[in-house]
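Visitor:
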Amino acid sequence: MAESGVPHDVLLNRLHGLANQSLQLWGIPDEATARLINVSENTTYLVDAPDGSRSVLRIHRENYHSKRAIQCELAWMQALSEDDCVVTPAVIPGRDGEAVQTATSEELENPRHMVMFEFVPGEQPDEDHDLVTSFEELGEMAARTHEHSIRWQRPQPFERLIWNLEAFYGEKATWGNWRDGPNLTDGAREVLERVESTVKRRIQAFGDGPQQYGLIHADMRLANLLVDNGTTRLIDFDDCGMGWFLYDFAAGISFIEDRPEIPDMRQAWVAGYRKVRDLSDEEEREIDSFIMLRRMALLAWIASHIDVPEAQELAPDFARVSAELGEAYLSLRG
Numbered sequence: 001m002a003e004s005g006v007p008h009d010v011l012l013n014r015l016h017g018l019a020n021q022s023l024q025l026w027g028i029p030d031e032a033t034a035r036l037i038n039v040s041e042n043t044t045y046l047v048d049a050p051d052g053s054r055s056v057l058r059i060h061r062e063n064y065h066s067k068r069a070i071q072c073e074l075a076w077m078q079a080l081s082e083d084d085c086v087v088t089p090a091v092i093p094g095r096d097g098e099a100v101q102t103a104t105s106e107e108l109e110n111p112r113h114m115v116m117f118e119f120v121p122g123e124q125p126d127e128d129h130d131l132v133t134s135f136e137e138l139g140e141m142a143a144r145t146h147e148h149s150i151r152w153q154r155p156q157p158f159e160r161l162i163w164n165l166e167a168f169y170g171e172k173a174t175w176g177n178w179r180d181g182p183n184l185t186d187g188a189r190e191v192l193e194r195v196e197s198t199v200k201r202r203i204q205a206f207g208d209g210p211q212q213y214g215l216i217h218a219d220m221r222l223a224n225l226l227v228d229n230g231t232t233r234l235i236d237f238d239d240c241g242m243g244w245f246l247y248d249f250a251a252g253i254s255f256i257e258d259r260p261e262i263p264d265m266r267q268a269w270v271a272g273y274r275k276v277r278d279l280s281d282e283e284e285r286e287i288d289s290f291i292m293l294r295r296m297a298l299l300a301w302i303a304s305h306i307d308v309p310e311a312q313e314l315a316p317d318f319a320r321v322s323a324e325l326g327e328a329y330l331s332l333r334g
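Numbering follows UniProt numbering, with no gaps: position 105 of the sequence shown is 105.
1) On a Cα-Cα basis, can you pick out the residue from R194, L131, L299, I256 that is closest to T174?
2) Could you work out which residue in S197, E106, Y213, A303 is closest to D248 when comparing CA atoms only?
3) At the 9 Å Cβ level, is T174 part of the contact set with chain B, yes or no?
4) What number of angstroms, rounded off, separates the C-alpha of N42 from the C-alpha of M220?
5) Taking only runs that begin and end inside the stretch 103-189, name each unbroken alpha helix (DSSP H) of 4 or more residues, in chain order.
6) Are the beta-carbon atoms belonging to F135 and P89 less than 9 Å from one another?
7) To the nearest angstrom, how far is it from the Cα of E166 to the Cα of G272?
8) What separation, rounded to the nearest whole angstrom, lies between the Cα atoms of E31 and G334?
9) How many angstroms separate the CA atom of E159 from the CA atom of D96?
10) Which word fits V191, buried or exposed, when buried means at least 16 other C-beta atoms lie within 10 angstroms of its C-beta?
11) Leaving out the 5 sequence neighbours to the left and right, which residues in its chain are closer than 6 Å to S289 when beta-carbon positions are compared?
12) Residues in the same chain with beta-carbon distance under 7 Å from V276, minus the five sequence neighbours each way, listed in chain order, please.
13) Once the 5 residues before and after Y329 are set aside, which same chain residues still bring their CB inside 7 Å of it?
14) Is DSSP giving A300 helix, strand or coil here?
15) So, using beta-carbon positions, are A34 and N13 closer together than 9 Å?
16) Whole angstroms is fine: what's the gap from H113's alpha carbon to W301's?
17) W76 and W152: beta carbons closer than 9 Å?
18) Taking the alpha carbon of T231 as the point to measure from, which residue in C85, I28, I59, H65 has its own alpha carbon closest?
19) Alpha carbon to alpha carbon, how far is P121 from D228?
20) Taking only three categories from DSSP, how would you classify V308?
21) Below 8 Å on the Cβ atoms is my contact criterion, and I expect V132 with A268 to pass it. Report the Cβ-Cβ distance as a whole number of Å.
22) Taking only the alpha-carbon atoms, compute the straight-line gap between Q312 and Q78 and give it to the nearest angstrom.
23) Spatial neighbours of A303 within its chain, please: CB distance less than 7 Å, with the 5 preceding and 5 following residues excluded, ordered by chain position.
24) Around the Cβ of T44, are there at least 16 other Cβ atoms within 10 angstroms (buried) or fewer (exposed)?
25) Specify, as a first and last residue, the run of the beta strand (DSSP E) that L57 falls within.
26) Given M1, which residues of its chain have a CB within under 6 Å of its CB, disregarding the five upstream and five downstream residues?
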């Protein structure tokens with residue numbers, strides 16, 4: 001997220017200034033305030049207007065998505081809602097009618113893309129309670145988005161991230177090289193080298209046909225669900241792109257892959273998925289490979305986002321646990 005040579009806290013202050021200065025692009029009164037609520041790839045702000053109305057402003061990370069790519073993300077979100085597939089937050093266009101606004105300030109080196117969303121009430125499912133039930137619903141939701149992905153006529157030109165093997169393991173991997181992960185010992189690296197070879201071999205054999213690979217959310221975690229009065233909304237499509245459908249389960253258990261409930265959560269997700277869409281036994285078996293693909297990508301993400309508090313919290317043990325998960329994977333699929 002950081003601009004070159006700018007400390008993280010300084011950059012956050014500058015982005016906060018941009019957030020408040022830019023509210024006029026949506027015709028929001030000067031008395032409104034923008035309060036930081038999340039920092040990850042992007043910075044997200046809750047906007048409170050004097051009349052009591054609320055909205056959510058997302059300021060995009062530099063050099064992650066082009067304006068066209070963001071427009072394609074928003075087009076899919078809108079189509080999912082309009083086609084009664086899943087409920088997504090509505091986008092609030094700027095005063096000029098454009099969904100994606102671009103602005104800068106004197107303190108920032110470069111302009112930033114921004115999007116304003118309706119404020120959606122609700123709570124994310126509690127990870128300390130019944131995750132099995134939540135994951136059955138998540139499986140149904142994933143299957144509906146995949147079915148929609150297959151039949152949806154995408155706007156052209158269509159530009160989104162490509163989550164193929166190059167994006168995870170190539171020289172220009174999207175989140176960097178997992179080998180740069182913090183606290184990666186020689187022993188853990190040796191295990192993960194073998195995991196990479198096995199994952200690549202198995203996924204290449206698995207294939208990327210239209211029934212296995214298409215437009216996916218790519219970050220369908222419980223943190224990206226909001227539940228309110230029985231309605232579940234899917235939010236944060238920032239990582240959506242072309243990838244394997246099974247990757248959506250792997251993304252769903254991001255950072256908690258070692259929890260003892262994972263086998264039950266996986267079984268629930270598969271059961272929910274099969275309510276909507278076919279999933280063969282062969283595909284179910286290969287979920288393990290996508291879990292390790294995602295886990296190693298997260299190790300790279302931590303290394304390349306070490307200025308983000310979440311990455312700092314995860315850094316101490318993530319490589320060690322990843323290697324333990326890798327050993328278990330190799331004993332099954334190696």
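Where a beta carbon is used, it is the ideal one built from N, C-alpha and C, also for glycine.
Guide: According to the structure shown:
1) As a position in the sequence shown, residue 174 is number 174, starting the count at 1. It is L299.
2) As a position in the sequence shown, residue 248 is number 248, starting the count at 1. The candidate whose alpha carbon is nearest that of D248 is Y213.
3) Protein chain content of the structure displayed is limited to a single chain, and chain B is not contained in it.
4) Reading the sequence shown from its first residue, position 42 is the one you call residue 42. Reading the sequence shown from its first residue, position 220 is the one you call residue 220. Using only the alpha carbons, I get a separation of about 17 Å.
5) 131-151, 165-169
6) Translated into positions along the sequence shown, residue 135 becomes position 135. Translated into positions along the sequence shown, residue 89 becomes position 89. No. Outside cutoff.
7) As a working note, residue 166 is residue 166 in the sequence shown. As a working note, residue 272 is residue 272 in the sequence shown. Cα to Cα, E166 sits roughly 30 Å from G272.
8) The residue given as residue 31 occupies position 31 in the sequence shown. The residue given as residue 334 occupies position 334 in the sequence shown. Cα to Cα, E31 sits roughly 60 Å from G334.
9) Here residue 159 is taken as the residue at index 159 of the sequence shown, counted from 1. Here residue 96 is taken as the residue at index 96 of the sequence shown, counted from 1. Approximately 23 Å between the Cα atoms of the pair.
10) Your numbering for residue 191 matches position 191 in the sequence shown. Counting Cβ neighbours within 10 Å, V191 comes out buried, since at least 16 surround it.
11) Here residue 289 refers to the residue found at position 289 when the sequence shown is read from its first residue. The residues are V199, R202, I203.
12) Stepping through the sequence shown from its first residue, residue 276 is reached at position 276. Counting only Cβ-Cβ distances below 7 Å, and skipping sequence neighbours, we find E140, A143, R144, E147.
13) Translated into positions along the sequence shown, residue 329 becomes position 329. By the criterion of a C-beta distance shorter than 7 Å, Y329 is surrounded in its chain by V195, D288, M292, once the five residues flanking it on both sides are discounted.
14) Residue 300 sits at position 300 when you count from the first residue of the sequence shown. Note: A300 maps to helix in three-state DSSP.
15) If you number the sequence shown from 1, residue 34 lands on position 34. If you number the sequence shown from 1, residue 13 lands on position 13. At a Cβ-Cβ threshold of 9 Å, A34 and N13 do not count as neighbours.
16) Position 113 of the sequence shown, counted from the first residue, corresponds to residue 113. Position 301 of the sequence shown, counted from the first residue, corresponds to residue 301. Computed Cα separation, rounded: 22 Å.
17) The count along the sequence shown starts at 1 and reaches residue 76 at position 76. The count along the sequence shown starts at 1 and reaches residue 152 at position 152. In contact: W76 and W152 (Cβ atoms closer than 9 Å).
18) For the purposes of this step, residue 231 is taken as residue 231 along the sequence shown, with counting starting at 1. Checked all of C85, I28, I59, H65; the closest Cα to T231 is C85.
19) For the purposes of this step, residue 121 is taken as the residue at position 121 of the sequence shown. For the purposes of this step, residue 228 is taken as the residue at position 228 of the sequence shown. If I take the Cα positions, the gap works out to 6 Å.
20) Taking the sequence shown and counting its residues from 1, the one referred to as residue 308 is at position 308. DSSP places V308 in coil when its eight states are reduced to three.
21) In the sequence shown, the residue the question calls residue 132 occupies position 132. In the sequence shown, the residue the question calls residue 268 occupies position 268. That belief holds up - the Cβ atoms of V132 and A268 are roughly 5 Å apart, short of 8 Å.
22) Along the sequence shown, read from residue 1 onward, the residue named residue 312 stands at position 312. Along the sequence shown, read from residue 1 onward, the residue named residue 78 stands at position 78. The straight-line gap from Cα to Cα measures roughly 34 Å.
23) Indexing the sequence shown from 1 puts residue 303 at position 303. Cβ neighbours of A303 beyond the five flanking positions: G176, D180, G181, P182.
24) As a working note, residue 44 is residue 44 in the sequence shown. With 16 or more other Cβ atoms within 10 Å, it is buried.
25) Start at 1 with the first residue of the sequence shown, and residue 57 comes out as number 57. Here the beta strand (DSSP E) through L57 covers 54-59.
26) On the sequence shown, position 1 is the one that residue 1 refers to. Because M1 carries a pLDDT of 49, less than 50, the predicted location of this residue cannot be relied on, and no value is offered for it.
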